[in-house]
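Just so we're aligned: the sequence shown equals residues 0 to 337 in numbering that gives the first Met the number 0. Don't be surprised by glycine CBs; every beta carbon is placed ideally from N, CA and C. Step one of this worksheet: look at the structure below.
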Amino acid sequence: MLFEGTKTDMWEDIQKKAWEILLNEKIQGEMTLADLEEIGRKRGFRICSYSQKAKEIEQSSRLKKLSRIYDSFTATDGGVETVFYRDNLSSQRKIQVVACELGHFVLGHRKEKESKEETPEQEKDAAAFAWELLLPSIVLDACHIRTAKEMEALNLFDVEGIRYHLSVLSKKRKNSEDSLCRELLTQYQQFILAYRKRGRKRKIPFAVCAGLTVLLATACAIGAVFERENRWLREENDYLAKTLSAAESSLSQLQKEEEENPSAEDENSNTSSDFAETKEKAESVVSEEVVFLSPSGEKYHRADCRYVGDNFISMSQEEAAAEGYEPCSVCCGDLILE
0 MLFEGTKTDM
10 WEDIQKKAWE
20 ILLNEKIQGE
30 MTLADLEEIG
40 RKRGFRICSY
50 SQKAKEIEQS
60 SRLKKLSRIY
70 DSFTATDGGV
80 ETVFYRDNLS
90 SQRKIQVVAC
100 ELGHFVLGHR
110 KEKESKEETP
120 EQEKDAAAFA
130 WELLLPSIVL
140 DACHIRTAKE
150 MEALNLFDVE
160 GIRYHLSVLS
170 KKRKNSEDSL
180 CRELLTQYQQ
190 FILAYRKRGR
200 KRKIPFAVCA
210 GLTVLLATAC
220 AIGAVFEREN
230 RWLREENDYL
240 AKTLSAAESS
250 LSQLQKEEEE
260 NPSAEDENSN
270 TSSDFAETKE
280 KAESVVSEEV
290 VFLSPSGEKY
300 HRADCRYVGD
310 NFISMSQEEA
320 AAEGYEPCSV
330 CCGDLILE
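In structure tokens, the structure reads:
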């Protein structure tokens, strides 16, 4: 873990130095590259990209070598300490590496002129300073950001930064209620409230979507039931209509033959009677309306009635009335006897 092995007193001292800069610069949210450039200007050093100092880097073999190896480094340029960073880094990565270089200045690592490179411990301390500068652990805690997944969603820290903050949040600060903590939380109050509000808004759509999904599934199920019943009724009506049409056609043909050949009247009387009976039955079936009823109910309903359910059975209106069922006042008002 990035902060592993560091004494609690040293850890809190690094926090304090980062927090003091945040309070002095009146930073009220996530750190930006412009914020870091202003902090560096006030402390006497510059922040430049490799392309901004391309000429100087090209003329110096040492700067050229460093620019090929590191994402960022600090060197003296024209008598001024300058932080250089690679142009093709992501915006967030630029902020991270520049904040780390700033940490070396603030923690006094640059005072050791004879040292060309920082020690691993110095790198670790400068990184801890950078993570606190980008967004203090105490602000993360106030925002209820306490897991790796929540920190990753901020798109502010890399893996080491997340490990650092998880380590810090797992420890208890000695003076967590001191004036510096209260000042910092007051300064970040708007950021904390806004983040919490966004967090609540993110939860609402999920509940709404879940409810809409249930409603949609229910509506689809009901629609499927009505569609099935309507299809069955259409098929039955089509069949009855074809039967009636065939009966009428046959009867018409017989009547025509009787008119043309009266002597065949006796021979065809039985046949004519049979077709007449067939027509009468077909008309009776067609005119007989199919209704739906519940075995436990007392009313019968038409297919499009809102009270019709999956367990309803169908029969003719005449049969339903014969069995003692009464017409529904909602869908069968025209069948209710005055």
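Here's the rule: buried if 16 or more other CB atoms are within 10 angstroms of the residue's CB, otherwise exposed. What is residue i?
i	result
GLY160	buried
ILE68	exposed
GLU226	exposed
CYS327	buried
GLU116	exposed
SER169	exposed
LEU211	exposed
HIS342	No answer is possible for residue 342: it lies beyond the span of the chain, which begins at 0 and ends at 337.
GLN95	buried
VAL167	buried
GLY78	exposed
ASP124	buried
CYS331	buried
GLY102	buried
GLY39	buried
Less than 8 angstroms between C-beta atoms, sequence neighbours within five positions excluded: which residues of the same chain meet that for residue i?
i	result
HIS164	TRP130, SER136, LEU139, MET150, PHE156
GLU37	GLU24
ALA319	VAL290, LEU292, TYR299
GLU235	VAL289
Quick one: residues in its chain with C-beta nearer than 7 angstroms to the C-beta of residue i, no 5 flanking neighbours on either side, listed in chain order?
i	result
GLU100	SER71, THR73, VAL82
GLN189	GLN27
GLN91	ASN154, LEU155
PHE104	ARG42, PHE44
ASP76	LYS52, GLU55
MET9	none
Pick helix, strand or coil for residue i, following the three-state DSSP scheme.
i	result
MET314	strand
THR75	strand
ARG67	helix
ARG45	strand
HIS338	Since the displayed the chain opens at 0 and closes at 337, residue 338 lies outside it and no answer follows.
GLU159	helix
THR118	coil
TYR299	strand
GLU325	strand
VAL96	helix
THR81	strand
LEU153	coil
LEU88	coil
VAL167	helix
LEU134	coil
LEU106	coil
VAL307	coil
So with Cβ pairs under 7 angstroms, would you call residue i a contact of chain D?
i	result
HIS143	Here chain D cannot be found, since the structure has a single protein chain.
For residue i, which residues of its own chain have a beta-carbon under 6 angstroms away from its beta-carbon, when the five flanking residues on both sides are left out?
i	result
SER293	PHE311
GLN121	HIS108
VAL284	With a pLDDT of 48 at VAL284, under the threshold of 50, the modelled position of that residue is not reliable, and the figure given next carries that caveat. Only LEU239 meet the Cβ criterion.
LYS202	With a pLDDT of only 47 at LYS202, under the threshold of 50, the placement of this residue in the model should not be trusted; the figure read from the coordinates follows. So the list is empty, once near-sequence residues are dropped.
SER89	none
CYS219	none
Would you mind stating whether residue i and residue j have Cβ atoms separated by less than 7 angstroms?
i	j	result
HIS300	VAL307	yes
LYS64	ILE56	no
LYS298	GLU325	yes
ASP309	VAL224	yes
VAL97	LEU35	yes
GLU228	ALA147	no
TYR49	SER66	yes
LYS93	LEU32	yes
GLU18	LEU179	The question names Glu, but residue 18 in the sequence shown is Trp. Result yes, Cβ atoms of TRP18 and LEU179 sit closer than 7 angstroms.
Following a CB-centred definition, is residue i positioned closer than 6 angstroms to any heavy atom of the ligand ZN?
i	result
PRO135	By its list of ligands, the structure shown contains no ligand whatsoever, and the ligand ZN lies outside what it can speak to.
Does the contact criterion of 3 or more C-beta pairs under 8 angstroms hold for the segment 22-41 versus the segment 182-198? The answer is yes - the segment 182-198 touches the segment 22-41, with three or more Cβ pairs under 8 angstroms.
The segment 45-55 touching the segment 72-84, judged by at least three CB pairs closer than 8 angstroms: Put simply, the segment 45-55 touches the segment 72-84. At least three CB pairs are less than 8 angstroms apart.
For the segment 10-19 against the segment 117-131, do three or more pairs of beta-carbon atoms, one drawn from each stretch, fall closer than 8 angstroms, so that the two count as touching? These segments touch.
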